[in-house]
Amino acid sequence: VGTRAPTAISARASEPEWGQAALPASPSRAPLHPASGSAVCPMGAFLRKLTGAEPEESTVESEDPASEASRRKFSTSKCGGRRNSISAAPVSEARIKDWKGPPVHAKTPEESARIKETIGRSDALQVLFGHLVESDLDRIIGAMFLRSVPAGETVIQQGDDGDFFYIVDSGSFDIFVQRKAEVSPEKVMVAAIGASFGELALMYNVPRAATVTCAEAGSLWCLEGEVFQMMLVTAENIRKSEYDNFLTGVDLFSDLTSYERTKLSDCLNSEPFDSGENIVMQGDEASAVYFLYEGECKAYISGDQGEVEVKHYTKPGEYFGEIGMVTDEPRRATVRACGDGCVVLCLKKEDVTVSIGSMETRVKENISKYPQYEAYFQQST
Numbered sequence: 001v002g003t004r005a006p007t008a009i010s011a012r013a014s015e016p017e018w019g020q021a022a023l024p025a026s027p028s029r030a031p032l033h034p035a036s037g038s039a040v041c042p043m044g045a046f047l048r049k050l051t052g053a054e055p056e057e058s059t060v061e062s063e064d065p066a067s068e069a070s071r072r073k074f075s076t077s078k079c080g081g082r083r084n085s086i087s088a089a090p091v092s093e094a095r096i097k098d099w100k101g102p103p104v105h106a107k108t109p110e111e112s113a114r115i116k117e118t119i120g121r122s123d124a125l126q127v128l129f130g131h132l133v134e135s136d137l138d139r140i141i142g143a144m145f146l147r148s149v150p151a152g153e154t155v156i157q158q159g160d161d162g163d164f165f166y167i168v169d170s171g172s173f174d175i176f177v178q179r180k181a182e183v184s185p186e187k188v189m190v191a192a193i194g195a196s197f198g199e200l201a202l203m204y205n206v207p208r209a210a211t212v213t214c215a216e217a218g219s220l221w222c223l224e225g226e227v228f229q230m231m232l233v234t235a236e237n238i239r240k241s242e243y244d245n246f247l248t249g250v251d252l253f254s255d256l257t258s259y260e261r262t263k264l265s266d267c268l269n270s271e272p273f274d275s276g277e278n279i280v281m282q283g284d285e286a287s288a289v290y291f292l293y294e295g296e297c298k299a300y301i302s303g304d305q306g307e308v309e310v311k312h313y314t315k316p317g318e319y320f321g322e323i324g325m326v327t328d329e330p331r332r333a334t335v336r337a338c339g340d341g342c343v344v345l346c347l348k349k350e351d352v353t354v355s356i357g358s359m360e361t362r363v364k365e366n367i368s369k370y371p372q373y374e375a376y377f378q379q380s381t
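In the UniProt record's numbering, the protein residues as written are 1 to 381.
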C-alpha cells in the first residue's frame, strides 16, 4: 500500500471528524475529481477552514473506480513500503479479555468486495485498516451494516460522543463546523461516495468535531464504535505478539532485547502473493528476510537439471532470505507462492540497519554465537 509513510493525525478535539481527506492521493492512483466550482480538500486545507483561513466550500469525491478495478492487492510494490497502524485510545486489559468479538452482518459477496475495494483505493482508510491482515480486515467488513439515510437527516452532531464510524456507499453528506457558539455552523466540505468520517472521536475519546448532514439521500456502511476500537487494539496486540515470536525464531535475532525486537517488528511489511507468483528470484540481490504468515510457498534451485524443488514452507513463522542480512551474496533460490497463495512478512536490511545497526557488524563482533556464518566471514577477510 503505497511507499510513503502516512501523515500523522493529531488527537486535538478541534480537528474534523473526516477521513477521506487525511492523505493526498499517491501519484500512481487516479486523481480525485472535484465537483464544478469546488476543489479537492486535503486535510491541511480542511484544517485551514476550521481556523477560518479558507472559508470557501470544498467537495471530496471517491476516486475513479474504473481505474482501480484491477487493484486486487493493497500493495503497489513488493516489500516496497508499509502502512503504519493507527493507535486508538488505550483500552483496558479487562475490556479486551471480556470482549466476545465483532458481530457479523449478512452481506452479498458483491457488497463485501465493494467495501474492500473502497478501502483499497483510499489512503485515509489505508491509514486505519491497511496494516491488518486479510482475515482481520474481513472481520471488520463483516461487522459493518448498511444504513439508508434520507436527505436532511443529521448523522453526526458536533459535540456529541462518538458511537459509529461511517463509509459513504451512496449519496452525499455535508460537513458543518461551528467554531463559536454565537456563530452559525459553516459548511466546509461534502463527503461523496468512498469518503469516510467519524474515526477521530472513537480513536481518541473526544467529542464529535463536526456535524454531518445528508445532502442527497444515500446509504452508509456503519461500524459500531466498540468494534472499531477493539478490532484496532486487539489486532495490533496480536500482530505485535506474533511478529515478536517470528523474530525470536530467527537465529540472527534471537539475542536481541525485547526493545530491539519491538523496533524491528514495527518495520515488518505484510505482502500477499498469488499462487505461482515469485516472492524472490535466484540470483537477485538479497536485501530482505521473509516470514511466512499465511498460506504456503516453495523454494526452487535452478541448475543443470533445470528447476528443482528444495523446500516447502507451510508453517507460519518459517523464514527465508536471512543470509541477506549479513552477506552481499545473491539469492541462492527462487521462492514461489503455491496452493492458494500466501502472505509473507518482509523485513528489509535497510530497516534493520536503521533500527538496531548493522547485522553484519553485530555478527562479526559476536561470531561465536553465529557459527553458521563463521565460514563466510573467514572467506571474506
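Glycine is no exception: its CB is placed at the ideal position from the N, C-alpha and C atoms.
By the DSSP assignment, the alpha helix (DSSP H) with Ala337 in it spans what residues? No alpha helix (DSSP H) holds Ala337; the beta strand (DSSP E) holding it covers Thr334 to Lys348.
Identify whether Val233 lies in helix, strand or coil by the three-state DSSP scheme. helix
Going by C-alpha distance, which of Val127, Arg139 and Asp328 is nearest Met231? Arg139
Let's test the definition: count the other Cβ atoms within 10 Å of the Cβ of Glu271 and tell me whether it reaches 16, buried, or not, exposed. buried
In whole angstroms, what separates the C-alpha of Pro103 from that of Phe165? 15 Å
Among Val133, Arg121, Ser148 and Lys311, which residue has its Cα nearest to the Cα of Ala195? Arg121
Which one or two residues does DSSP pair with Pro330 in a beta bridge? DSSP lists Glu285 as partners of Pro330.
Along the chain, which unbroken stretches of the alpha helix (DSSP H) at least 4 residues long are found entirely within the UniProt domain "Cyclic nucleotide-binding" (128-249)? 134-143, 199-204 and 225-248
Distance, Cα to Cα, Lys311 vs Glu199? 45 Å
If you drop the 5 nearest sequence neighbours on each side, which residues of the same chain put their C-beta closer than 7 Å to that of Ser265? Lys240, Tyr243, Asp244 and Leu247
Looking at the structure shown, is Lys298 part of a helix, part of a strand, or coil, going by DSSP? Strand.
Can you tell me where the beta strand (DSSP E) with Gln260 in it begins and where it stops? A quick correction: the sequence has Glu, not Gln, at residue 260. Run containing Glu260: none in the beta strand (DSSP E); it sits in the alpha helix (DSSP H), Ser258 to Ser265.
For the pair the stretch 283-291 and the stretch 321-330, tell me if three or more CB-CB distances fall below 8 Å. Taking 8 Å as the limit for Cβ pairs, the verdict is that the stretch 321-330 does touch the stretch 283-291.
What is the DSSP secondary structure of Glu365, reduced to helix, strand or coil? helix
Measure the CB-CB distance between Val190 and Asp174 and report whether it falls below 8 Å. Yes, the Cβ-Cβ distance between Val190 and Asp174 is below 8 Å.
According to DSSP, is Gly101 part of a helix, a strand, or is it coil? coil
With a CB to CB cut of under 6 Å and the five nearest residues on each side skipped, what residues in its chain are close to Ser148? Ser219
Does Pro109 come out as helix, strand or coil in the three-state DSSP assignment? Note: Pro109 maps to helix in three-state DSSP.
Inspect the beta-carbon positions of Ala333 and Ile301 and report whether they are closer than 8 Å. yes
Which residues in the same chain as Glu260 place their Cβ atom closer than 7 Å to its Cβ, once the five residues preceding and following it in sequence are excluded? So the qualifying residues of the chain are Ile356.
Measuring straight from C-alpha to C-alpha, what distance separates Leu136 and Met144? Looking at the sequence shown, residue 136 is not Leu but Asp. Each residue's Cα considered, the two are about 13 Å apart.
C-alpha gap between Leu268 and Ala181, whole angstroms: 47 Å
Buried or exposed (CB count within 10 angstroms, at least 16 for buried), Ala192: buried
Which class does Leu268 belong to by DSSP, given the choice of helix, strand or coil? coil
For the ligand ATP, is there a heavy atom less than 7 Å away from the beta-carbon of Val310? Of ligands this structure carries none, so the ligand ATP is not represented either.
Among Cys342, Val354 and Ala201, which one has its Cα closest to the Cα of Ser275? Cys342
If you count every other CB in all the chains shown that lies within 10 Å of the CB of Pro31, and 16 or more means buried, which is it? Below a pLDDT of 50, predicted positions are generally treated as unreliable, and Pro31, at 29, falls in that range; no measurement from the model is reported.
If I follow the unbroken beta strand (DSSP E) through Gly306, where does it start and stop? Gly306 to Tyr313
Considering only their Cβ atoms, is the gap separating Asp255 from Arg208 smaller than 8 Å? no
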